[in-house]
Amino acid sequence: MAETPIKIIFQLGQGQGGQDGSVSAKERRSHAARIGRLGSTQAAGSTMNKNQPSKHTVRYPAPRTQALYRLSVRKPNYASSSGSGSKSNASDSSSSSDEERQLTPPPLVLNGNSDPFAMLPIIITPLVNQCLTFMREALYPSIYYNSFFRRLYGSSHGPINVLQDNTWLPAQTARQDWETAAGSLTSEGQALACIASFLGNMAPLMPEAGRLKIRREALIYTTKSSQLLRRSLDKLPDAGGKSVLLRDPSLITHVFWLFRAAVFSENKSSVAVHGKVLAHSIMRGFDEGLVDHLMIIQAINADCDDATKFMRRTHFDPDWYRTIIQPIWAMAEYILPPIPEAAYVNINPTIEIPEVQEIFINSLRQAAYCEDGMQVPHEAWGPLEQRQLAFAWFVTQSEYTMSKLLQIYFDLRDGNYVPYQTGAQQTPTPGQRLTQMGLALGLLYYVRVLGHETKINGQDIRDSSPEIIRHLRSTMQQMSVIATEDEKQHYREAHAWVYFLGAFEEERKGIPPTSTWFQRRLAEHVNVSREKGWNTSSSWIEYRRIFRTFLYTDWAYPSGFAWFDRIVTMHATPV
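Each residue of the sequence shown is one higher than the one before, starting from 2 at the first, in my numbering.
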C-alpha cells in the first residue's frame with residue numbers, strides 16, 4: 002500500500018476565506034480523514050509490526066529501568082506527576098476522549114527539531130530548538146569525545162557523529178544521556194528545568210548580547226519549573242513522615258534538573274538548597290529501591306562540576322558513594338583487561354595519607370590504560386555488558402576521586418586531620434599538613450584536566466582549574482613560609498610535582514612569562530634542589546621519572562618535554 006502524502010496545512014489568518022488558501026476546505030476535511038484512518042491502522046497493527054524497522058526512524062526515551070546496573074526500579078503509577086497537574090484534568094472530557102488517547106503516539110525523543118504538532122508540554126521556541134540542537138550535536142558528543150576516552154577506546158569517527166556511532170562505547174553512553182534528557186521533556190516541570198540547565202551550558206559560548214538573553218530565558222524557565230514543583234508537592238497526600246520526594250520518584254528527577262540548572266547558571270544559593278535536598282532524597286531513595294545508578298552518577302557528576310569550580314565539599318557523601326559503588330568495582334575487577342602492576346603501584350613515599358595513597362594508585366591505573374604501549378585492543382574489553390561495566394568503573398572511580406579529595410583537602414585545612422601512614426595518633430606538622438593538602442589539590446586538578454575537559458569551539462565549558470589553582474597557590478605560599486628546611490628537603494619531590502602542575506596550567510593557558518607564578522617557583526625549586534645536592538640533575542628526563550611516581554602523562558598537552566627545560570633555564574637565577 003503506497004504511503005499517503007502528508008500535506009502541511011497552515012492556519013488561515015482572520016478575514017481569509019477558504020478560496021484564498023492553497024488547500025480547499027473539502028481537501029482539508031478529506032486529508033484529516035485520511036490521516037485519522039492511517040493513525041487507526043497503525044495503532045491496530047502496532048503489535049504485528051513492532052519488531053520491524055520503520056522507514057522513518059523515531060527514537061523513544063529509554064525507560065528509567067534500563068540503567069546500567071540496577072535494572073528494576075519500582076515505578077509506582079501516581080495520579081499526578083511533576084508539572085502535569087497544570088496541564089491536564091481528569092474531568093476535562095473534551096481533551097481526553099478514548100479516540101484521542103488511541104491516536105496519541107508515545108512521547109518522542111527529539112532530534113533537535115521543532116515540535117510542529119505541539120506534542121510536548123512546553124512551547125518549542127526558536128531558542129529552545131537551538132538549545133536542543135546544541136545538546137544533541139555539541140554538548141553530549143563533546144563530553145565523551147575527549148582525549149581520555151579517545152585514547153582509551155579509539156577515536157570513533159569524529160565528534161560530529163558520536164551519537165550515531167553504534168560501535169564506540171562512549172557514544173552509547175552519550176546517546177543514553179541524550180535520551181534521558183529528551184525523555185524529561187514529556188513533563189512540563191522537568192522540561193523547563195532541563196532546557197534551563199542546557200541554556201546555562203550554551204550561554205558562555207554566545208556573544209555578550211545573546212548571552213544575557215539566554216540567561217534571562219533560563220531564569221524564567223527555572224522560576225516556572227520551581228513553581229510547578231511546589232504545586233506538585235502541595236498536591237501530594239501526607240505520608241506520615243516519609244520524605245516528600247520519595248512519594249513520587251519523578252519529583253527527584255525534577256529536582257535533579259533544577260539542581261543542574263543552578264550549577265550551570267552559577268547560582269550558589271540555589272545549588273546549596275537543591276543540592277542538599279537532592280542528595281538526601283537520592284541517598285534515601287536508593288535504599289528504598291526508587292533510584293538507579295544512572296541517576297546517582299549524573300547527579301554526582303553535576304555536584305563535582307560545581308564543587309571543583311567553586312571549591313566546596315560535595316553535597317553527596319563520598320564514603321556513602323563508595324559503599325554503593327563498591328559492588329560495581331568488585332565485578333569490574335574480574336573483567337578489566339590486565340595491565341602490569343608496575344605501571345601504577347609504585348607511588349611516591351611522600352604521599353602519606355592512606356586514603357590519598359589509594360586514590361593515587363587508582364588514578365595511575367586508570368591513566369595507564371591510555372599510555373602508549375599499554376593501550377589494549379577493542380576486543381580486549383569483551384562483549385557489550387563487560388565494556389559497559391568497565392566504562393562504569395572509570396566513571397565512578399573518577400567521581401569518587403574528586404569528591405573524596407575535596408573532603409580530605411577541607412578536613413586538612415580545617416584541622417580535622419585524617420590518619421597518617423606514620424600512625425593515627427601522630428599530629429602532622431604544619432609543613433606536613435600543607436604538603437598533603439597540596440598533593441590532594443594537585444591530583445584533583447590533574448584528574449579534571451585528564452578526564453573532564455569538555456571543549457566546544459575551543460572553550461572548556463566545565464573548566465574548574467582557576468579556583469583549584471588559586472587554592473593550590475595559597476597552599477604552596479604558606480608551605481614555603483612555614484615548612485622547615487628538613488621538611489622542604491624531605492618533601493622536595495612532592496613540592497616539585499605540585500609546582501609543575503601549576504606551571505603546566507600556566508603553559509596551557511598561555512600566561513605571559515611576566516605574569517607567571519608557578520613557573521618561577523618551579524625553576525627556583527629545581528635549581529635550589531640541585532645546588533643543595535637534594536637532586537643530582539635538573540633535566541626533564543630526571544624530573545619526568547619523579548613525576549610519574551605521582552601522576553603524569555605525556556599525552557596531556559602541552560607535554561613537559563616541550564617546555565620544562567626552557568622554563569628552568571629561563572629562570573636560572575632564584576627569585
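Quick reminder that beta carbons are idealized off the backbone N, C-alpha and C, glycines included.
State the Cα-Cα distance for the pair Thr181 and Thr187, rounded to the nearest angstrom. 11 Å
Simplified DSSP assignment, three categories, for Lys456: strand
What is the C-beta distance between Ala192 and Ile297, in whole angstroms, given that I count them as a contact (C-beta under 8 Å)? Going by Cβ atoms, the distance from Ala192 to Ile297 rounds to 22 Å, so no, they are not a contact pair.
Alpha carbon to alpha carbon, how far is Cys305 from Ile470? 16 Å
Are the CB atoms of Gly452 and Phe149 nearer to each other than 9 Å? yes
I need the boundaries of the alpha helix (DSSP H) containing Asn363, first residue and last residue. Pro355 to Ala369
State the Cα-Cα distance for the pair Ser563 and Phe519, rounded to the nearest angstrom. The displayed chain sequence assigns Ala, not Ser, to residue 563. Looking at the two C-alpha atoms, the distance is approximately 17 Å.
Counting only runs that start and end within the region 152-217, where is the alpha helix (DSSP H) found for 4 or more residues in a row? 170-184 and 189-203
Span of the alpha helix (DSSP H), counted from its first residue to its last, around Tyr345: Element bounds for Tyr345: n/a, residue is neither H nor E.
Short of 8 Å in beta carbon distance, which residues of its chain neighbour Ala495, apart from the five on each side in sequence? Order them along the chain. Asn349, Thr351, Ile352, Thr436, Gly439, Leu440 and Phe551
Looking only at DSSP bridge pairs, what is Asp461 linked to? Lys456
Taking His572 as part of the alpha helix (DSSP H), name the residues at either end of that continuous run. Taken as a continuous stretch (DSSP letters only), His572 belongs to no alpha helix (DSSP H), as it is neither H nor E.
Would you say the region 326-341 touches the region 385-403, given that touching needs at least three Cβ pairs under 8 Å? yes
Inter-residue CB distance, Thr309 and Ser143 (contact presumed, cutoff 8 Å): With 8 Å as the limit, Thr309 and Ser143 do not qualify as a contact, their Cβ atoms being about 18 Å apart.
On a Cα-Cα basis, can you pick out the residue from Val256, Trp382, Pro467 and Leu445 that is closest to Leu234? Val256
What did DSSP end up calling Arg546 once you bin it into helix, strand or coil? helix
Have a look at Gly201, Glu400, Ala344 and Asn536 and flag the residue whose alpha-carbon is nearest the alpha-carbon of Glu267. Gly201
Alpha carbon to alpha carbon, how far is Gln478 from Ala303? 31 Å
Between Gln460 and Leu206, what straight-line distance do the alpha-carbon atoms span, to the nearest angstrom? 8 Å
Is it the case that the Cβ atoms of Ile568 and Leu502 are separated by a distance below 9 Å? no
Quick one: what's got a C-beta closer than 7 Å to Ser55's C-beta in the same chain, skipping five residues either side? With a pLDDT of 43 at Ser55, under the threshold of 50, the modelled position of this residue cannot be trusted, and the question is left open.
Could you check the C-alpha separation between Arg399 and His294 for me, to the nearest Å? Per the sequence presented here, residue 399 reads as Ser, with Arg not at that position. Cα to Cα, the separation comes out at about 15 Å.
Buried or exposed: Glu289, going by 16 or more other Cβ atoms within 10 Å of its Cβ? exposed
Might you give, ordered along the chain, the residues of its own chain that have their beta carbon closer than 7 Å to the beta carbon of Met403, omitting 5 neighbours on each side? Cys305, Thr309, Leu445 and Val448
Who are the near neighbours of Arg578 in its chain, counting only those whose CB is closer than 8 Å to its CB and skipping five residues on each side? The structure shown does not extend to residue 578, since the chain is modelled only from 2 to 576, so the question has no answer here.
Buried/exposed call for Arg231, threshold 16 Cβ in 10 Å: exposed
With DSSP as the reference, label Pro559 as helix, strand or coil. coil
Spatial distance of Ile354 from Asp307 (CA atoms): 25 Å
Is Ser364 buried or exposed, if buried means 16 or more other CB atoms sit within 10 Å of its CB? buried
Quick check on Tyr146: does DSSP put it in helix, strand or coil? coil
Looking at C-alpha atoms only, which residue of Leu252, Phe265, Met203 and Gln299 is the closest neighbour of Val278? Leu252
Below 9 Å between beta carbons: does that hold for Thr397 and Ile326? yes
Out of Thr174, Tyr145 and Gln131, state which residue places its alpha-carbon closest to the alpha-carbon of Glu386. Thr174
Does the ligand MG have even one heavy atom less than 8 Å from the beta-carbon of Leu193? As far as ligands go, the structure on display features none, and thus does not contain the ligand MG.
Does the distance from the CB of Arg509 to the CB of Pro559 come in under 9 Å? yes
Pick from Pro238, Pro429, Lys236 and Phe317: whose alpha carbon is nearest that of His275? Phe317
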